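Step one of this worksheet: look at the structure below.
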Amino acid sequence: MRACNICLSTFLFTALLFTGSLAATTAFAHSPICNCYNDEEDDSKVVCEGGFSDGGSAEGVGVKVLNDRDRVLISGAMDADSSFTFTKPDDDFHIIYDAGPSHQVIIYMDDIE
-5 MRACNICLST FLFTALLFTG SLAATTAFAH SPICNCYNDE EDDSKVVCEG
45 GFSDGGSAEG VGVKVLNDRD RVLISGAMDA DSSFTFTKPD DDFHIIYDAG
95 PSHQVIIYMD DIE
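Given below as C-alpha cells:
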C-alpha cells in the first residue's frame, strides 16, 4: 500500500508541474503590444498601433488618452487595422491601451517619436 501512495504522490506532483508549465506558457503567449508615433503626414496627430504577441488583432481594444491628473481627454478603440489616431492634446498626456485585466500598456508622451 505504501508503494501505491508514493506512486500516487509522484503522479500528482508530475501532473501539477505539467499543468503549471502549460499555464505559464499560455500566460506569456498573448501579451499586449502597442506602439504610438507622430503621424508623418500631420504632426498634430498621434497614431497608435496595437496587437498581441501571438499575432492577434487589436480591433475593438479600448484606448484612452489621459492628462497628468488621469482625466480622460480622448476615448476610443482600435479600428479594423488595429490602429487608433487622435489629435494631440494641449496638455501633457499618456495613453492607455486597455485589453483587459493584466493586459494594459501605458505610453507616455515623451516616449512618442
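Note that my numbering gives residue 72 to position 78 of the sequence shown, counting from 1, and the numbers run on in steps of one.
The C-beta atom is built at its ideal place from N, Cα and C for all residues, glycine as well.
Keep in mind it's a predicted model, so treat the numbers as computed, not measured.
Count the other C-beta atoms from every protein chain shown that fall within 10 angstroms of the C-beta of residue 89, then say buried if there are 16 or more, exposed otherwise. Position 95 of the sequence shown, counted from the first residue, corresponds to residue 89. Around the beta-carbon of residue 89, 16 or more other beta-carbon atoms lie within 10 Å, marking it buried.
Rounded to the nearest angstrom, how far is the Cβ of residue 24 from that of residue 56, given a contact under 8 Å? For this step, residue 24 is matched to residue 30 along the sequence shown. For this step, residue 56 is matched to residue 62 along the sequence shown. So it is not a contact: roughly 17 Å between Cβ atoms.
Go ahead and pull the three-state DSSP assignment for residue 92. One-based indexing of the sequence shown puts residue 92 at position 98. Looking at residue 92 - three-state DSSP - the assignment turns out to be strand.
Cα separation between residue 42 and residue 84? Taking the first residue of the sequence shown as position 1, residue 42 is located at position 48. Taking the first residue of the sequence shown as position 1, residue 84 is located at position 90. Each residue's Cα considered, the two are about 18 Å apart.
Out of curiosity, what's the CA-to-CA distance linking residue 27 and residue 86? For the purposes of this step, residue 27 is taken as residue 33 along the sequence shown, with counting starting at 1. For the purposes of this step, residue 86 is taken as residue 92 along the sequence shown, with counting starting at 1. Looking at the two C-alpha atoms, the distance is approximately 22 Å.
Nearest-angstrom Cα distance between residue 62 and residue 48? As a working mapping, residue 62 is identified with position 68 in the sequence shown. As a working mapping, residue 48 is identified with position 54 in the sequence shown. So the alpha carbons of these two residues sit roughly 32 Å apart.
For residue 58 and residue 76, believed in contact at Cβ under 8 Å, the rounded distance: Locating residue 76 in the sequence shown gives position 82, where the first residue counts as 1. Locating residue 58 in the sequence shown gives position 64, where the first residue counts as 1. No, residue 76 and residue 58 are not in contact; Cβ-Cβ is about 16 Å, not under 8 Å.
Assuming residue 54 contacts residue 91 under a Cβ cut-off of 8 Å, what Cβ separation, rounded to an integer in Å, is found between them? By 1-based counting over the sequence shown, the position of residue 54 is 60. By 1-based counting over the sequence shown, the position of residue 91 is 97. Actually they do not touch by this definition, with Cβ atoms about 12 Å apart.
Examine the ligand PLP and report whether any of its heavy atoms sits within less than 7 Å of the Cβ of residue 36. Summarising the ligand content, the structure contains no ligands, and the ligand PLP is consequently not present.
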